[in-house]
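Peer 1: Chains as they are written, first to last, in my numbering: chain A, 8 to 118; chain B, 685 to 796. Built from N, CA and C at the ideal position, the CB exists for glycine as well. Treat the numbers as computed from the prediction; the structure is a model and nothing was measured.
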Amino acid sequence: DAGITQSPRYKITETGRQVTLMCHQTWSHSYMFWYRQDLGHGLRLIYYSAAADITDKGEVPDGYVVSRSKTENFPLTLESATRSQTSVYFCASSEPEGGYTFGSGTRLTVV
Amino acid sequence: ILNVEQSPQSLHVQEGDSTNFTCSFPSSNFYALHWYRWETAKSPEALFVMTLNGDEKKKGRISATLNTKEGYSYLYIKGSQPEDSATYLCAFIGDNTDKLIFGTGTRLQVFP
Numbered sequence: 008d009a010g011i012t013q014s015p016r017y018k019i020t021e022t023g024r025q026v027t028l029m030c031h032q033t034w035s036h037s038y039m040f041w042y043r044q045d046l047g048h049g050l051r052l053i054y055y056s057a058a059a060d061i062t063d064k065g066e067v068p069d070g071y072v073v074s075r076s077k078t079e080n081f082p083l084t085l086e087s088a089t090r091s092q093t094s095v096y097f098c099a100s101s102e103p104e105g106g107y108t109f110g111s112g113t114r115l116t117v118v
Numbered sequence: 685i686l687n688v689e690q691s692p693q694s695l696h697v698q699e700g701d702s703t704n705f706t707c708s709f710p711s712s713n714f715y716a717l718h719w720y721r722w723e724t725a726k727s728p729e730a731l732f733v734m735t736l737n738g739d740e741k742k743k744g745r746i747s748a749t750l751n752t753k754e755g756y757s758y759l760y761i762k763g764s765q766p767e768d769s770a771t772y773l774c775a776f777i778g779d780n781t782d783k784l785i786f787g788t789g790t791r792l793q794v795f796p
């Protein structure tokens, strides 16, 4: 099906572990984004990508790594998870002048 | 740091009431203003992308206006229905960046 899919939907991990959140879109949108949603902060941009092999930092990039080897995939890796990274993570994609299309979110709990 | 502010934070209205809320954003280096509707347990959905000063957009009972010179946008809902209950987000993008910065949203609850 066409769209933007995130996996997993839910994840519990331990402090210090590496975890990767996946994002896949089927529209060939050039832009892809990772946001985290926290109470009192709304959506904050972690990283974004304007095209394959181009990534850039957002507002809160520390502790995260991204890659974009293919246009359709934009995985987000937490290199060594911390409790402060417990959040709901949203991936989104867009064309340069269009509205964003969001995935369903990944709820990550770091214990 | 760019500030996108929305007011009020939350709003409770009766079914049939019309309502509106405000998004304030930097008036310099404007490129576009987005509005999103975000229902609980779902993901945000794009309502409008606005780029021109004075722009007005409409989608059913929801409409939005844009004033880029003074840095605000209004979202209006005419005859609110319970299914309009959601958080409404605005987001700003400047002409010197390709990053969309979100406000914290206005949470609307419509009671039957």
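Could you check if A:R75 is buried or exposed, using at least 16 other CB atoms within 10 Å of its CB as the buried criterion?
Peer 2: buried
Peer 1: Which bits of chain A does B:G778 rub up against, with CB to CB less than 7 Å?
Peer 2: Correct list: empty, because the minimum Cβ distance to chain A is about 13 Å.
Peer 1: From the DSSP output, in three-state form, read off A:R90 for me.
Peer 2: helix
Peer 1: On the DSSP bridge assignment, give the partners of A:G49 in chain order.
Peer 2: A:D45
Peer 1: Tell me whether B:Y720 is buried or exposed, calling it buried when 16 or more other Cβ atoms sit within 10 Å of its Cβ.
Peer 2: buried
Peer 1: Return the residue from the list B:P796, B:V733 and B:S711 that minimises the CA-CA distance to B:E754.
Peer 2: B:S711
Peer 1: Give me the chain A residues within the contact set of B:G787, using Cβ-Cβ distance strictly less than 8 Å, ordered along the chain.
Peer 2: G49
Peer 1: Identify every residue that forms a DSSP beta bridge with B:R791.
Peer 2: B:S694 and B:T771
Peer 1: Relative to the C-alpha of A:S14, which candidate in A:T20, A:H31, A:G23 and A:R90 has its C-alpha closest?
Peer 2: Shortest Cα-Cα distance from A:S14 to any of A:T20, A:H31, A:G23 and A:R90 involves A:H31.
Peer 1: Can you give me the Cβ contacts of A:S101 inside the same chain, cut-off strictly under 7 Å, excluding the 5 residues immediately before and after it?
Peer 2: H36, Y38, Y107 and T108
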